[in-house]
Each structure stands twice: as C-alpha cells, then as structure tokens.
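Notes to accompany the following structure.
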Amino acid sequence: MKIIPAIDIRGGNCVRLFQGDYARETVYGTDPAAQAKAWQDAGAEIIHLVDLDGAKAGHPVNLEAIEAICKNVTVPCELGGGIRTVEDAKKVLDLGISRVILGTVACDDPKLAESFISQFGTEKIVVGIDAKDGKVATRGWIETSSTDAFELARKLYLFGVSRIIYTDIATDGALCGPNLKSVANLCDLIPECHVIASGGVSSAKDIANLNALRKANLEGAIVGKALYDGRVTFADLNIATKA
C-alpha cells in the first residue's frame, strides 16, 4: 500500500473540509507547491490533488496552483475536481498532471469513462466514487444521487476502469478511521481493479487495519487532515504499510 498525501485547493490555498462541507473549511497554507514538495521530501511516491473550486464550477479553476505544483515536484500527481470533458482532462495533463480523476461525469454517464480511456489510456484515468450512505455524491459532494456506489464501481470496472478511489464521506476529515468493511467489500467486488481508500485515517493503526485486510488490489490510502494536524507523521504511516 502507498500512503498518498492530499492537497485540497480552494482559492489557491491548501485547505481541508469536514465531511465535504464547504462551510467548514480549515486553511493549512497559502503555497500548495511548497506543500507538495514537503510531501515529496517526506517520501511520498504520488500526491493527490483536488480542485475544490473546480468541483463546484464544473471545470478546473486553480490551474496556476496546479501547474506550480507539477513544476515543483518530480513525483506524479493525480488531480480531481471539475474534470468533466476530454478537453479539460487534456488541459491539466498538459500542465504536468500524471492522471486525472473523474467523479461527477462518471456517475452521470459511466460509459463516458470509456471515451476518456480511449483518448488517454487506462493509466491516465482514475474514477473517484464518493459515497454518502451508500449512494454516490456528485458536484463537489453538494448533491447525492440515487446511484448505488458499489453498482457504479462494478459498472465502471466492466467499462475498463482500472483504478478507483473510494471515499466514505462520513469518515472524510472526521479522523474516526476508514470504513474498513466497505473498502474490503469493494476490493472483493472488483478484484482486478486497483482500489485506493480515502477518508478517516487518523493514525498509523488505521493504516495497519487497512493493511490487515490483505486485499491484493488495495493500492493505497489517501491521507489529509491527520498529517496536516500533526497527529501522525508520513514516516509512521509508511511504516504501518509494511506491518
């Protein structure tokens, strides 16, 4: 498992939201590029970026900050938030992003993921499934659809998606531990698809618990608030992946 530090960008700043609530924001820094370099120096092999403004707007917004991050690090960066057209995907890939994360567009039309994969290749395309009470949340978590999160994952897998980021919104930013049962069930449902768990990690024990699931396709865990608050170090989390 890889530890994947998150940088959520809003108004050009590094922020974290509590359970996706834009009204419950904490600003952790004004220089996302410097933060990305810090995560790289700590040992991160990949960095997870979210354009929160883009998620609400429906297209990438924080392009200047995103480009600065890509220029400041040598490790790959993945980006989600408002990427809903092939043109938007190309725009951020041209900035240096290594892989793009589809969210709302994949929920609205799962088959559309095929066109992104056809255009850019399977390694460049990730789908983020954000679940609220088992249903897929969209448009920056502002709306909750009637789509079952696991049904969508299975459908996307059959359409050729090879990597899915699964977030349980109830755990995101709450430091209450990841939803281990859901992660395990998703890994079993799509055994040949890489799964990245997101939300709830507060300690090295949480990473050890994920690792103890012994799911070969559980590729990594995205961590944000726990690292920013200093509750745990990247090194401690990394050690826990070897347990």
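Numbering (the numbering used here), first residue to last: 6 to 248.
Virtual Cβ for every residue (Gly too), placed ideally from N, Cα, C.
Note that the structure is predicted; figures quoted are calculated from it, not measured.
Starting from the C-beta of valine 91, find all residues in its chain whose C-beta is less than 7 Å away, skip the five residues before and the five after it, and write them out in chain order. Residue numbering aside, residue 91 sits at position 86 when the sequence shown is read from its first letter. So the list reads Ser120, Phe121, Gln124, once near-sequence residues are dropped.
Own chain residues within Cβ distance below 8 Å of glycine 17, not counting five before or after: The residue you call residue 17 lines up with position 12 of the sequence shown. Result list for glycine 17: Thr35, Pro37, Asn67, Glu69, Ala70, in chain order.
So within the segment 43-77, which uninterrupted alpha helix (DSSP H) runs reach at least 4 residues, ignoring any that extend past its ends? 57-62, 68-77
Can we count proline 81 as close to the ligand MN, meaning its CB is less than 7 Å from some heavy atom? The ligand MN is absent from the structure shown, which contains no ligands of any kind.
Can you give me the Cβ contacts of valine 110 inside the same chain, cut-off strictly under 7 Å, excluding the 5 residues immediately before and after it? For the purposes of this step, residue 110 is taken as the residue at position 105 of the sequence shown. Cβ neighbours of valine 110 beyond the five flanking positions: Arg89, Leu117.
Buried or exposed for glycine 225, going by 16 or more other Cβ atoms inside 10 Å? To locate residue 225, count along the sequence shown from 1; it is residue 220. It is buried - the Cβ of glycine 225 has at least 16 other Cβ atoms within 10 Å.
Starting from glutamate 83, trace the alpha helix (DSSP H) in both directions and tell me its first and last residue. To locate residue 83, count along the sequence shown from 1; it is residue 78. Run containing glutamate 83: none in the alpha helix (DSSP H); it sits in the beta strand (DSSP E), 82-85.
May I ask you to report which of helix, strand or coil DSSP gives glutamate 249? Outside the shown range of the chain (6 to 248) lies residue 249, about which nothing can therefore be said.
Just the Cα atoms here: how many angstroms apart are histidine 199 and leucine 215? In the sequence shown, counting from the first residue as 1, residue 199 sits at position 194. In the sequence shown, counting from the first residue as 1, residue 215 sits at position 210. When rounded, the distance between both Cα atoms is 14 Å.
Please state whether the Cβ-Cβ distance between glutamate 83 and isoleucine 102 is less than 8 Å. On the sequence shown, residue 83 is found 78 positions in, with the first residue counted as 1. On the sequence shown, residue 102 is found 97 positions in, with the first residue counted as 1. Closer than 8 Å, so yes.
Tell me which residue opens and which closes the alpha helix (DSSP H) that valine 188 is part of. Translated into positions along the sequence shown, residue 188 becomes position 183. Residues 185-194.
Quick one: give me the first and last residue of the beta strand (DSSP E) that leucine 251 is part of. The first residue shown for the chain is 6 and the last is 248, placing residue 251 beyond what the model contains.
What is the DSSP secondary structure of glycine 236, reduced to helix, strand or coil? Counted from its first residue, the sequence shown places residue 236 at position 231. Here residue 236 turns out to be arginine, not glycine, going by the sequence shown. Coil at arginine 236, not helix or strand.
If contacts are defined as beta-carbon pairs under 8 Å, then methionine 6 and leucine 223 qualify, I think. What distance do you get, rounded to the angstrom? The residue you call residue 6 lines up with position 1 of the sequence shown. The residue you call residue 223 lines up with position 218 of the sequence shown. Sure, about 6 Å apart at Cβ, within 8 Å.
Continuous alpha helix (DSSP H) stretch holding lysine 160: start and end: Within the sequence shown, the letter at position 155 stands for residue 160. Looking at the DSSP string, the run of the alpha helix (DSSP H) that includes lysine 160 is 154-163.
With DSSP collapsed to three states, give me the class of serine 123. As a position in the sequence shown, residue 123 is number 118, starting the count at 1. Reduced to three states, the DSSP call for serine 123 is helix.
Since leucine 54 and isoleucine 9 should fall inside the 8 Å C-beta cutoff, what is the C-beta to C-beta distance between them, to a whole number of angstroms? Your numbering for residue 54 matches position 49 in the sequence shown. Your numbering for residue 9 matches position 4 in the sequence shown. Not quite, the Cβ-Cβ distance comes to about 10 Å (not below 8 Å), so this is no contact.
In this structure, does DSSP put leucine 117 in helix, strand or coil? Residue numbering aside, residue 117 sits at position 112 when the sequence shown is read from its first letter. Correct three-state label for leucine 117: helix.
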